[in-house]
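Enquirer:
Here you go:
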């Protein structure tokens with residue numbers, strides 16, 4: 003997920019930390035990871051692993067999260083197959 007470069011009067015670091023805190027509070031999130039963006043083709047810096055019973059439930063959580071935190075650019079990467087366990 004990428005935060006908009008213009009965050010108004012908010013400190014972008016505070017917005018990022020608030021988003022991290024929110025994601026970490028969700029029981030559906032098992033991992034929340036910050037990474038450096040990999041360039042313009044993959045600019046994402048925040049990753050979260052969601053566990054839910056349907057893709058629709060995940061889509062609803064992501065939609066609310068991106069709206070609440072004004073995230074304009076994001077990707078979802080659905081699991082194809084669990085290779086562990």
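In the numbering used here, the protein residues as written are 3 to 87.
Yeah, the Cβ is synthetic: ideal placement off N, Cα and C, and Gly gets one too.
Owing to the predicted nature of the structure, the values given are computational and were not obtained by experimental measurement.
Just tell me which of 23, 26 and 62 has its CA closest to the CA of residue 78.
Expert: Nearest of 23, 26 and 62 to residue 78, Cα basis: 62.
Enquirer: Short of 8 Å in beta carbon distance, which residues of its chain neighbour residue 10, apart from the five on each side in sequence? Order them along the chain.
Expert: Reliability fails at residue 10, whose pLDDT of 45 lies under 50, so the model's placement of it is uncertain and the value that follows must be treated cautiously. Cβ neighbours of residue 10 beyond the five flanking positions: none.
Enquirer: Please look up how many angstroms separate the CB atoms of residue 39 and residue 71, rounded, as I've assumed it's under 8 Å.
Expert: At roughly 17 Å, the Cβ-Cβ gap does not stay under 8 Å, so residue 39 and residue 71 are not in contact.
Enquirer: In whole angstroms, give me the CA-to-CA distance for residue 56 and residue 30.
Expert: Computed Cα separation, rounded: 12 Å.
Enquirer: Return the chain-ordered list of same chain residues with a C-beta closer than 8 Å to the C-beta of residue 33, the five sequence neighbours on each side being excluded.
Expert: Closer than 8 Å at the Cβ level, and outside the excluded window around residue 33, lie 49, 50 and 51.
Enquirer: Spell out the partners DSSP gives residue 33 in its beta bridges.
Expert: 51.
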